[in-house]
Amino acid sequence: MKHIVLTGGGTAGHVTPNIALLPMLQEKGYKISYIGSYNGIEKKLIEELGIPYYGIASGKLRRYFDLKNFSDPFRVLKGFAQAKKLMKQLKPDVVFSKGGFVTVPVVIAAKKCKVPAIIHESDMTPGLANKLCLSSASKICCNFPETVKSLPAEKAILTGTPIRKELMSGDKEAARTFCGFSSDKPVLMVMGGSLGAVAVNENIRKILPELLKDFQIIHLCGKGKTDESLNNTPGYVQYEYIQKELPDLFALADIVISRAGANAICEIRELAKPNLLIPLSANASRGDQIMNARSFERQGFSYVMEEEEISEVSLLNAIRELYQNRQSYIDAMTAGGRADSIAQIVSIIEEAAK
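Per this note's numbering, the sequence shown starts with residue 1, numbered consecutively.
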């Protein structure tokens, strides 16, 4: 029996593609283990699925000044020692890494122990964690055609992102009952990512009375980001994070507002949901979400607004315009057919595991 170690964490976007691969890996008879951080979001998501989970120390590598910059390198070194020990203990045939800082010691330890490691880069340009892993990886799976050109030719493969099959089979009416919505108004779903997006949340709440004239609203706010004062507002529901019912909520949504994390936008594209993307600003990130969003805009998949452009009027106008032109976005997203990313990535894993 072949043994694979999956790794990835920090946000749901670094975990859900790994989860999407599980059914096919299990079908092919793989023994599966997972290495993540001690208590990141990945721990809960993976343990719920009954996959053996191993936590290691992980430190974040920041581009800005923070006192933790002095202690985190020691955490990374400790994580590397733990990952190396786990490689010797688990003896995997292959490692698949979805990114996030916890994966750096795992991928480097895999190379040291002569275990082939495949990494997946969702964004247009590799993040710092994946940049540190490039030389240790045997193959690099990518999401955007633009990314392949900037990576070593013998390693980079355009695969797209593995999307969980269950996302495609949501039940619209189950979601309507779950939210307590009627069928006489379209549904707008607002997603800030698993960590929430304060700017998006605040701006939506400012225009809520206006929005509720035309839409019913599902608001996924992020952990600790709900607003108690809005509970029981007719036509508006808010949740910190939804897992089990997410396919149903997607099925019910007519249009979606989202951050532009690569995993989230690939799911939106796969479901062909007309979308307004509000990428994380370049001040708060390395600008990868802006590049992701602009790529989708060029392909006709998304309406894009940068955070700095948002006012109550501009956001309201953008939402109305998106809804009016929703069919053109659906047509663009469905024009190219669907690639089977899961099958392609599993075949790359199988090749490496030989």
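Where a beta carbon is used, it is the ideal one built from N, C-alpha and C, also for glycine.
4 or more residues per run - each alpha helix (DSSP H) lying fully within the region 41-123: 41-47, 68-90, 103-112
6 Å CB neighbourhood of residue 344 in its chain, flanking five on each side removed: As a working note, residue 344 is residue 344 in the sequence shown. The answer, listed in chain order, is 159.
Residue 44 versus residue 119: straight-line alpha-carbon distance, rounded: Residue mapping note: residue 44 aligns to position 44 of the sequence shown, counting from 1. Residue mapping note: residue 119 aligns to position 119 of the sequence shown, counting from 1. Taking the straight line joining both Cα atoms gives about 22 Å.
Touching by the beta-carbon criterion (3+ pairs, under 8 Å), the region 311-318 and the region 205-217: yes
Alpha-carbon spacing of residue 4 relative to residue 31, whole angstroms: For this step, residue 4 is matched to residue 4 along the sequence shown. For this step, residue 31 is matched to residue 31 along the sequence shown. Spanning the two alpha carbons is a distance of roughly 6 Å.
Assigned secondary structure, residue 317 (DSSP; H/G/I helix, E/B strand, else coil): Counted from its first residue, the sequence shown places residue 317 at position 317. Residue 317: helix per DSSP, three-state reduction.
Residues sharing a beta bridge with residue 243, DSSP: Within the sequence shown, residue 243 is the residue found at index 243, counting from 1. Note: residue 243 sits in no beta bridge, so no partner.
Exposure of residue 88, with buried meaning 16 or more beta-carbon neighbours within 10 Å: By 1-based counting over the sequence shown, the position of residue 88 is 88. Per the 10 Å Cβ criterion, exposed.
Inter-residue spacing [alpha-carbon to alpha-carbon] between residue 235 and residue 75: Locating residue 235 in the sequence shown gives position 235, where the first residue counts as 1. Locating residue 75 in the sequence shown gives position 75, where the first residue counts as 1. Those two C-alpha atoms are separated by around 46 Å.
Delimiting residues of the alpha helix (DSSP H) encompassing residue 204: The sequence position of residue 204 within the sequence shown is 204, counting from 1. Looking at the DSSP string, the run of the alpha helix (DSSP H) that includes residue 204 is 198-206.
Assumed close pair residue 240, residue 226 - CB separation to whole angstroms, cut-off 8 Å: As a first step, residue 240 is located in the sequence shown; it is residue number 240 there, counting from the start. As a first step, residue 226 is located in the sequence shown; it is residue number 226 there, counting from the start. Confirmed, about 6 Å.
Range covered by the alpha helix (DSSP H) that runs through residue 355: A question about residue 355 goes unanswered here, because the residues of the chain that appear run from 1 up to 354.
CB contact flag (residue 37, residue 8, <7 Å): One-based indexing of the sequence shown puts residue 37 at position 37. One-based indexing of the sequence shown puts residue 8 at position 8. No.
Closest by C-alpha distance to residue 92, when choosing among 110, 262, 168, 98: What you label residue 92 is simply residue 92 of the sequence shown in a count that begins at 1. Considering only alpha carbons, the answer is 110.
C-alpha gap between residue 155 and residue 139, whole angstroms: Residue mapping note: residue 155 aligns to position 155 of the sequence shown, counting from 1. Residue mapping note: residue 139 aligns to position 139 of the sequence shown, counting from 1. Roughly 5 Å separates the two Cα atoms.
Cβ pair count under 8 Å reaching 3, the region 251-261 against the region 162-176: yes
Assigned secondary structure, residue 12 (DSSP; H/G/I helix, E/B strand, else coil): Sequence index remark: in the sequence shown, residue 12 carries index 12 (1-based). Reduced to three states, the DSSP call for residue 12 is helix.
Residue 14 vs residue 85 beta-carbon contact at 7 Å: As a first step, residue 14 must be located in the sequence shown, where it is residue number 14. As a first step, residue 85 must be located in the sequence shown, where it is residue number 85. For residue 14 and residue 85, no; Cβs fall outside 7 Å.
Sufficient close CB pairs (3 or more, under 8 Å) joining the region 324-342 to the region 213-220: no
Whole-Å CB distance - residue 342 paired with residue 270, under 8 Å assumed: The residue labelled residue 342 in the question sits at position 342 within the sequence shown. The residue labelled residue 270 in the question sits at position 270 within the sequence shown. With a Cβ gap of about 11 Å, residue 342 and residue 270 do not count as contacting.
Inter-residue Cα distance where the pair is residue 255 and residue 29: Mapped onto the sequence shown, residue 255 falls at position 255. Mapped onto the sequence shown, residue 29 falls at position 29. For residue 255 and residue 29, the distance between alpha carbons rounds to 39 Å.
Collapsed DSSP secondary structure at residue 257 in the structure displayed: Along the sequence shown, one-based indexing puts residue 257 at 257. Strand at residue 257.
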